[in-house]
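As structure tokens, the structure follows; a few thoughts come after it.
Numbering (our numbering), first residue to last: 2 to 505.
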């Protein structure tokens, strides 16, 4: 059924020529029900059905005129119809306040570089909110767009970013509530505290998209971008938990790196070194049931590329075939949390076939951290390549039931810190209450790097296990850490392939 002209005239308080009706009746897209949370992560995107009703937006696309009102009325029109497509032709669309979308709307541009939504510099809130704390976003879709905040070229010598949006605003380009089957593809999200925030939701797909932000731990006026993507649950959201996520083929990066002139300490070594000042985190989550992060690029995060804080169920994750350039602290962080809602650990996690490039200024590749109890359980770290980290590539604190197999550890302690500190000069450190860890078929070594600041071969241990495991006179309390068939591929002078005091 065609849209009645009377309805168009009634719905629009702006000239009719701003919209061109190109479709038939709107269709409401319903997402499929989520399977049991223990199923394997999907390794492919799940695309929602296409909506039939299409409106071409014919408002000003020069970027000179604020079109917030026109865009909102177009979105409202589709919302009343139960969904549809709002097509934005190539150009720049200036917005000054938050836009609101209802369920089952597809906002579609003509290309990731061609169609731009430009926020005015004074706008401090979200760019688009889909759904609400009490209303599901449905099967919403965003594609072929570039979200920008009005800002000139970055000046690292400045004390505050131009048109600064402080992290305290928690502003996001997209904020999505309890959506089932949201689909985001070929979209750029630049600046703001968040690119996308999901409050609950299921069957979530992000693919072939680009994220950029900035966070400098030394400058309050540069502390803007908390995370490119955040998945929030329970305490942080009235919209339920996040289930079934795929993030693939996407690019997570920093807006800039610090200029030379910073002096950074790694172990006993202090050198002049640029530091990563991209967003604080690439992906932040406090709980997802089933996720696949695959075929992505992560680089220049100020703290972590992927930060997992286990406030809720953090289970069934596959982190595969990604390229991690340096993150300042660690490329992946598993953080234990004492939660009254769920045991505070990540469970059934597989990290496989990734490249972890420390670039000389990333301290670690993977950390599991904790305060009490375990932070990581039933996990595998297999067939990854760890190279050129400033300190120890993998630190396991409070990890249980793990298999570290078939990895290559090269050129850690790349700046040559000299004291025998296992947090700096080991390939893999197993500490605190970690238990039932099997380390096998890994290669440990160093040397042969062309970076001018490299001082010889700074590696020493392959595997180092904390001797406190075996300090208790009761053998039943000794932790089960086993190592076999690992290789010494040019450890530093006097290097020791495996150190398990009192163990095997």
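Heads up, the beta-carbon is just placed ideally off N, CA and C, and yes, glycines get one too.
Query, Result
"is_contact[residue 264, chain B] using C-beta, thresh 7 angstroms", "In summary, chain B is missing from the structure at hand, where a single protein chain is found."
"Residue(s) in a DSSP beta bridge with residue 424", "Paired residues: none, contrary to the question."
"Span of the beta strand (DSSP E) around residue 75", "Taken as a continuous stretch (DSSP letters only), residue 75 belongs to no beta strand (DSSP E), being part of the alpha helix (DSSP H) at 69–81."
"Helix, strand or coil at residue 169 [DSSP, three-state]", "helix"
"Contact test: residue 297 Cβ vs the ligand ADP heavy atom, cutoff 6 angstroms", "Among the ligands in the structure shown, none appear at all, so the ligand ADP cannot be discussed."
"N- and C-terminal bounds of the beta strand (DSSP E) containing residue 231", "228–233"
"Backbone secondary structure at residue 332 - three-state DSSP", "strand"
"Contacts around residue 136, its chain only, beta-carbon distance under 6 angstroms, and the 5 residues preceding and following it disregarded", "none"
"Reference residue 169; option with closest CA among 267, 223 and 484", "223"
"Whole-number beta carbon distance between residue 233 and residue 198, since they are thought to touch under 8 angstroms", "6 angstroms"
"Bounding residues of the beta strand (DSSP E) (the contiguous stretch that carries residue 434)", "From DSSP, residue 434 is part of no beta strand (DSSP E); its letter is neither H nor E."
"Buried/exposed call for residue 194, threshold 16 Cβ in 10 Å", "buried"
"Simplified DSSP assignment, three categories, for residue 88", "strand"
"Residue 102 and residue 56 closer than 7 angstroms at C-beta", "no"
"Contact check, residue 327 vs residue 360, beta carbons under 7 angstroms", "yes"
"At least three beta-carbon pairs within less than 8 angstroms, the segment 225–232 to the segment 257–275", "no"
"Closest by C-alpha distance to residue 63, when choosing among 116, 262 and 486", "116"
"The segment 247–267 / the segment 210–221 touching (three or more Cβ pairs under 8 angstroms)", "yes"
"Residue 249 classed as buried or exposed, judged by whether at least 16 other C-beta atoms fall within 10 angstroms", "buried"
"Sub-7 angstroms separation of residue 464 and residue 429 beta-carbons", "yes"
"C-alpha gap between residue 259 and residue 277, whole angstroms", "7 angstroms"
"Residue span of the beta strand (DSSP E) that contains residue 378, given as start and end", "377–383"
"Stretch-stretch touch, CB-based, cutoff 8 angstroms, three pairs: the segment 177–186 with the segment 157–167", "no"
"As assigned by DSSP and simplified to three states, the class of residue 181", "strand"
"Local conformation of residue 274 per DSSP, three classes", "coil"
"Residue 125, DSSP secondary structure in three states", "coil"
"Where the beta strand (DSSP E) containing residue 346 begins and where it ends", "Unbroken run through residue 346: none, as it is neither H nor E."
"Integer Cβ distance of residue 458 from residue 495, believed to fall under 8 angstroms", "The Cβ separation is near 11 angstroms, so there is no contact."
"Reference residue 336; option with closest CA among 400, 388 and 379", "400"
"Residues that DSSP places opposite residue 498 in a beta bridge", "Bridge partners of residue 498: none, in fact."
"Secondary structure of residue 20, DSSP reduced to three states", "Caution applies to residue 20, whose pLDDT of 34 falls short of 50 and renders its modelled position unreliable; the value that the coordinates give is listed next. Three-state DSSP puts residue 20 in a strand."
"Spatial neighbours of residue 382 in its chain, beta-carbon cut-off 6 angstroms, leaving aside the 5 residues before and after", "352 and 405"
"Pair within 7 angstroms by beta-carbon distance, residue 347 and residue 293", "no"
"Buried/exposed call for residue 486, threshold 16 Cβ in 10 Å", "exposed"
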